[in-house]
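Q:
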Amino acid sequence: MEPGALMRAAREAAGISLRAMAERSYYSRAYLSLIETGQRPVPAGVVAAYERVLGADLERLTAVARAPASVDPVALSDVALMLAATRRIEDAAGALTVLPAVRGMAEMAEAFAGEARTGRSNAACLASEITQYRGWLEHAIGADSAARRSLGTAVSLAKESRDPDRIAHSLGFLGYVTVSAGNYGEVLALSDAALAVRDAHPVITAYGRMRRAELLASHGHTRRAQRALALADAATEAADGIEAPASMYWWSTGFGAVQRGGVLALLGYTGEAIEEATHGLAAMPAEHRRSEWLASALCRVDPDMSAGDSFASQT
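Take the sequence shown: its letter number 194 is residue 240 in our numbering, and every next letter is one higher.
The following block contains the structure:
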């Protein structure tokens, strides 16, 4: 990742516009744009100004990005913080806004994983998480071929990390976007593989079981879907009260209810589905209710359902 692109990614992850950065750093917006896009070299004074505004050690992170073999736990932590901030921006501004920054972060993290001399499994784990997020964003904007490539890379990195949560989660997301390719057998195989991962986090398992019920219901396998839903309910109950892993930042018990509503809708229980999703929506964090991914989940319950409509029906 080039220094200018890294500065842009850090700025966007902090939720600071180019105009605001220009005002706070006392450089012109046009000049900073040229630096961030690699059309001008990066002066030490500009790096120092970004560090002051962002509160990040960009000089050290830039040095690591230029020499990925020198990656250390602090650099990985800095990238993880950028990822967390970017996810919050996506909730408010949408996938298209953050995708360029995430692509840059993914490329940098994948370089870390490929060239790190020490802590390679940790670097691969973080790279898998970021590349999975990249794949999700690409899927969200309709670039499903790119999304499948990104998620295939995320699975490979997860296997390299040997982290069961990463492996199960990345396989599940690859299955999610593979639906668009129309290969139902491949999707079920990925679902099976995700659920077969030993020692995966209970929340990841519960989510995967609910996804399997949804897949079966969407293809008209009613009895199998009902059995899968019963297993998903049991897994959800077993995971109750357990904090979700950081990569499932979007998860809440409320979202689980919305997801279950989607399965019920596919099974033909429309009234129950809307009621389940409405109660789930009320339990979700306020910052999640305006996200694109929630709107997509609600649409699966009822094409006319939205967060605003659901709350209006309760008042």
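Beta carbons: idealized from backbone N, C-alpha and C, even for Gly.
In the DSSP assignment, find the unbroken alpha helix (DSSP H) run with Y179 in it and report its ends.
A: From DSSP, the alpha helix (DSSP H) with Y179 extends over 166 to 186.
Q: Taking 7 angstroms as the cut-off, is the C-beta of G140 nearer than that to any heavy atom in the ligand SAH?
A: This structure lacks the ligand SAH, and indeed carries no ligand of any kind.
Q: Is there a C-beta anywhere in chain C that falls below 8 angstroms from the one on S167?
A: Of the protein chains in this structure there is only one, and it is not chain C.
Q: In the structure shown, what three-state DSSP assignment does P146 receive?
A: Here P146 sits in helix by DSSP.
Q: Consult DSSP for I135 and reduce its assignment to one of helix, strand or coil.
A: Helix.
Q: For A343, which residues of its own chain have a beta-carbon under 6 angstroms away from its beta-carbon, when the five flanking residues on both sides are left out?
A: Cβ neighbours of A343 beyond the five flanking positions: V304.
Q: Considering only residues of the segment 270 to 330, which uninterrupted alpha helix (DSSP H) runs meet the minimum length of 4 residues and lie entirely inside it, listed in chain order?
A: Runs found: 299 to 312, 316 to 328.
Q: Less than 8 angstroms separating the beta-carbons of A131 and E82?
A: No.
Q: Does the segment 61 to 73 come close enough to the segment 88 to 101 that 3 or more CB-CB pairs lie under 8 angstroms?
A: With the cut-off at 8 angstroms, the segment 88 to 101 and the segment 61 to 73 touch.
Q: Count the other CB atoms within 10 Å of the CB of C345; is the residue buried (16 or more) or exposed (fewer)?
A: That one is exposed.
Q: Who are the near neighbours of R208 in its chain, counting only those whose CB is closer than 8 angstroms to its CB and skipping five residues on each side?
A: The answer, listed in chain order, is S167.
Q: For a test of the three-state rule: what should DSSP assign to A240, helix, strand or coil?
A: Correct three-state label for A240: helix.
Q: Are the Cβ atoms of E156 and A173 separated by less than 8 angstroms?
A: Closer than 8 angstroms, so yes.
Q: Which class does G228 belong to by DSSP, given the choice of helix, strand or coil?
A: Coil, per DSSP.
Q: Given F357, which residues of its chain have a CB within under 6 angstroms of its CB, disregarding the five upstream and five downstream residues?
A: With a pLDDT of only 42 at F357, under the threshold of 50, the placement of this residue in the model should not be trusted, and no figure is reported.
Q: Kindly give me the distance between the Cβ atoms of L236 and L220, rounded to whole angstroms, as I take these residues to be in contact under 8 angstroms.
A: Contact flag correct, Cβ pair sits at about 6 angstroms.
Q: Can you find the residues in the same chain that come closer than 7 angstroms, C-beta to C-beta, to L262, ignoring five residues on each side of it along the sequence?
A: Answer for L262: R270, A271, A274, listed in chain order.
Q: Roughly how many angstroms lie between the CA atoms of R255 and R244, to the nearest whole one?
A: Computed Cα separation, rounded: 14 angstroms.
Q: Specify the secondary structure class of M351 as computed by DSSP and reduced to three states.
A: Coil, per DSSP.
Q: Taking the alpha helix (DSSP H) that R14 belongs to, which residues open and close that run?
A: Look at the range of the chain in this structure, 47 to 361, and you will see that residue 14 is not part of it.
Q: Could you tell me if Q87 is buried or exposed, where buried requires 16 or more neighbouring beta carbons within 10 angstroms of its beta carbon?
A: According to the sequence provided, residue 87 is Pro. The question's Gln does not apply to it. Classification of P87: exposed, given that the 10 Å Cβ count is below 16.
Q: DSSP three-state call for P248: helix, strand or coil?
A: DSSP places P248 in helix when its eight states are reduced to three.
Q: What first and last residue would you give for the alpha helix (DSSP H) that runs through S79?
A: Taken as a continuous stretch (DSSP letters only), the alpha helix (DSSP H) holding S79 covers 75 to 82.
Q: Helix, strand or coil: which one does DSSP assign to A66?
A: Helix.
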